[in-house]
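Since the structure comes first, as structure tokens, the remarks are kept for the end.
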Amino acid sequence: MKTLRDPIHGDIFLSDEESAVIDTVEFQRLRGIRQLGTSHLVFPGAQHTRFEHSIGTSWMVKRMIDCINQISFQDVVSSEERRFISIAALLHDITHIPYGHTFEDERRILPAHDKSRDRLEHFLTLGELGKVLRKMKLTDELISFFSKSKTGQSYSYDLVAGPVCADLLDYLRRDAYFCGLPLNFDDRILRYLRVRDGKLCFELYNDRGFRQDAWSELISLLRIRFHLTERVYFHHTKMVSGAMLSRILEAMISDRLFNTKELYELRDESLIYLLDRRLPKKHPFRSLMDSYLSRHLYKRVYMVACSPLDKSFPDEKAMKRFQRAFHLNTRNQRSNLERRIAKKLGIPASAVIIYAPDTDMKLKEANIFVQIDSGPLKKLSDLSNPELSGLSDRHQALWRFFLFMDPQYDDQFVKASRMMEKEIGLPNQLELFNQGQLSFNF
Numbered sequence: 005m006k007t008l009r010d011p012i013h014g015d016i017f018l019s020d021e022e023s024a025v026i027d028t029v030e031f032q033r034l035r036g037i038r039q040l041g042t043s044h045l046v047f048p049g050a051q052h053t054r055f056e057h058s059i060g061t062s063w064m065v066k067r068m069i070d071c072i073n074q075i076s077f078q079d080v081v082s083s084e085e086r087r088f089i090s091i092a093a094l095l096h097d098i099t100h101i102p103y104g105h106t107f108e109d110e111r112r113i114l115p116a117h118d119k120s121r122d123r124l125e126h127f128l129t130l131g132e133l134g135k136v137l138r139k140m141k142l143t144d145e146l147i148s149f150f151s152k153s154k155t156g157q158s159y160s161y162d163l164v165a166g167p168v169c170a171d172l173l174d175y176l177r178r179d180a181y182f183c184g185l186p187l188n189f190d191d192r193i194l195r196y197l198r199v200r201d202g203k204l205c206f207e208l209y210n211d212r213g214f215r216q217d218a219w220s221e222l223i224s225l226l227r228i229r230f231h232l233t234e235r236v237y238f239h240h241t242k243m244v245s246g247a248m249l250s251r252i253l254e255a256m257i258s259d260r261l262f263n264t265k266e267l268y269e270l271r272d273e274s275l276i277y278l279l280d281r282r283l284p285k286k287h288p289f290r291s292l293m294d295s296y297l298s299r300h301l302y303k304r305v306y307m308v309a310c311s312p313l314d315k316s317f318p319d320e321k322a323m324k325r326f327q328r329a330f331h332l333n334t335r336n337q338r339s340n341l342e343r344r345i346a347k348k349l350g351i352p353a354s355a356v357i358i359y360a361p362d363t364d365m366k367l368k369e370a371n372i373f374v375q376i377d378s379g380p381l382k383k384l385s386d387l388s389n390p391e392l393s394g395l396s397d398r399h400q401a402l403w404r405f406f407l408f409m410d411p412q413y414d415d416q417f418v419k420a421s422r423m424m425e426k427e428i429g430l431p432n433q434l435e436l437f438n439q440g441q442l443s444f445n446f
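Quick note on my numbering: the sequence shown kicks off at 5 and runs consecutively.
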């Protein structure tokens with residue numbers, strides 16, 4: 005047994021097996037992978053990494069299990085299951101690469117870390133970690149556990165990576181703390197966790213009826229998730245800096261200056277160093293690299309946004325096009341439009357970047373099962389409630405589509421905006437957004 009001091013949880017107690025996993029080269033690599041990608045460029049304190057988050061997630065899942073067992077007065081989750089789940093929680097981010105969410109979820113130039121079987125087997129079967137896991141006889145079980153989502157089907161999976169899970173409960177506190185935001189939830193929420201019909205759920209009901217206090221704690225948690233998304237995860241500086249870095253990597257992969265397999269061994273700073281060293285001085289994207297390194301960030305030129313005041317804009321057809329053509333880059337439509345805009349403006353291709361996040365902005369956390377009466381479990385998202393629907397609508401309204409451009413071509417911004425309005429078929433909402441007119445009726 006070892007004790008580790010954590011700024012979020014205080015003392016964390018590690019078993020000998022957990023310590024053996026942590027002491028491997030593969031796990032230590034996570035010390036160099038920031039939890040929030042490029043967020044440190046706007047929140048200087050956001051230097052925390054997936055190393056401490058992974059340890060915190062493992063500690064949190066053990067606390068969740070212990071609460072479930074204590075409240076139930078029996079070992080609903082056995083000691084052997086607890087052992088496995090704590091190791092799974094410890095390794096839930098082991099396949100992460102530097103700036104993983106930026107490359108995988110935003111620009112989508114690489115497959116998601118939790119969707120790549122090749123990457124999973126690389127980290128869980130090779131090297132020091134592979135040796136440790138074979139000794140523990142957990143390799144096959146862990147690969148099966150992580151290979152496909154079992155959300156809503158397995159309480160063990162939901163404890164680690166479900167709608168409201170140990171991963172979420174750790175990163176909400178950790179991200180808020182290191183970004184300097186006074187957001188937190190009450191530990192009492194753990195006492196409402198139950199396992200019913202093989203599913204993880206929140207019990208909002210007891211023999212005296214519906215529990216308003218439990219409901220309030222759950223809604224409070226969802227509000228914290230929304231506020232962090234609004235203020236940190238979707239901060240425009242994080243968006244533009246991530247888009248710039250993604251564009252650099254995409255160009256270097258295309259020009260065979262970088263092999264994606266190299267990402268498996270790299271950390272954030274070693275990746276930036278490698279990109280900088282390998283990009284020739286006369287390469288078309290050299291200026292973009294220099295701008296990123298000096299934090300001379302691109303500017304917003306064109307924007308389409310969802311508004312809570314008008315849920316019909318953009319309409320369903322437009323949103324499907326944003327998803328297919330620009331987020332998924334089907335038939336290279338996003339890349340082709342970037343090149344076309346740059347060519348018409350007579351500026352380098354590297355000076356134009358389209359940012360198109362996933363149009364599915366539903367609150368994943370609302371998919372948690374809840375017990376609200378003596379009947380069967382229900383999904384929170386299936387319930388009609390003004391607080392919940394209002395929060396879901398506000399979360400969807402965080403979606404933004406942008407054209408970013410190099411500020412040295414600011415004399416072309418107006419022309420670029422008009423070109424985008426013609427190409428997309430929707431007006432530029434940037435000025436309205438800056439005036440607050442997408443949030444209020446004046």
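By construction, the Cβ of each residue, glycine as well, lies at the ideal position given by its N, Cα and C atoms.
- Contact between D410 and S295 holds, since their C-beta atoms are separated by about 7 Å, short of 8 Å.
- Around the CB of T7, fewer than 16 other CB atoms lie within 10 Å, so the residue is classed as exposed.
- Residue pairing of F406 in beta bridges, as defined by DSSP: M307, Y359.
- Collapsing the DSSP output to three states places L204 in a strand.
- In this chain, the alpha helix (DSSP H) harbouring F417 covers 417-428.
- Scanning its chain for C-beta atoms nearer than 8 Å, with the 5 sequence neighbours on each side dropped, one finds around S378 the residues Y209, in chain order.
- In this structure S148 is exposed. Its beta-carbon is surrounded by fewer than 16 other beta-carbon atoms within 10 angstroms.
- Here I376 has L208, Y209, F214, K382, L387 as same chain residues with Cβ atoms under 8 Å from its own Cβ, once five neighbours each way along the sequence are excluded.
- Here the alpha carbon of S250 sits roughly 32 Å from the alpha carbon of N188.
- Between L128 and L95, the CB-CB gap stays under 9 Å.
- Contiguous alpha helix (DSSP H) elements confined to the segment 156-216 occur at 159-165, 170-182, taking only those with 4 or more residues.
- Fewer than three beta-carbon pairs drawn from the segment 247-267 and the segment 414-425 are found closer than 8 Å, and the two stretches are therefore not classed as touching.
- Around the beta-carbon of Y277, fewer than 16 other beta-carbon atoms lie within 10 Å, marking it exposed.
- Going by beta carbons, F238 and R404 fall inside the 9 Å limit.
- Across the structure, K303 and H331 are spaced so that their CA atoms are roughly 20 Å apart.
- Proximity to R235 across R398, I12, G429 peaks at R398, based on C-alpha coordinates.
- In the three-state reduction of the DSSP assignment, Q51 falls in the coil class, being assigned neither a helical nor a strand state.
- Here K135 has no same chain residue with a Cβ atom under 7 Å from its own Cβ, once five neighbours each way along the sequence are excluded.
- Rounded to the nearest angstrom, the gap between the Cα atoms of V305 and S258 is 26 Å.
- Within the DSSP secondary-structure output, V374 pairs in a beta bridge with F206, K382.
- For L430, the CB contacts under 7 Å within the same chain, skipping 5 residues up- and downstream, are V308, P318, A322 in chain order.
- Contact between the segment 196-203 and the segment 72-86 is present: 3 or more CB-CB pairs across the two stretches fall below 8 Å.
- The three-state secondary structure of L261, taken from DSSP, is coil.
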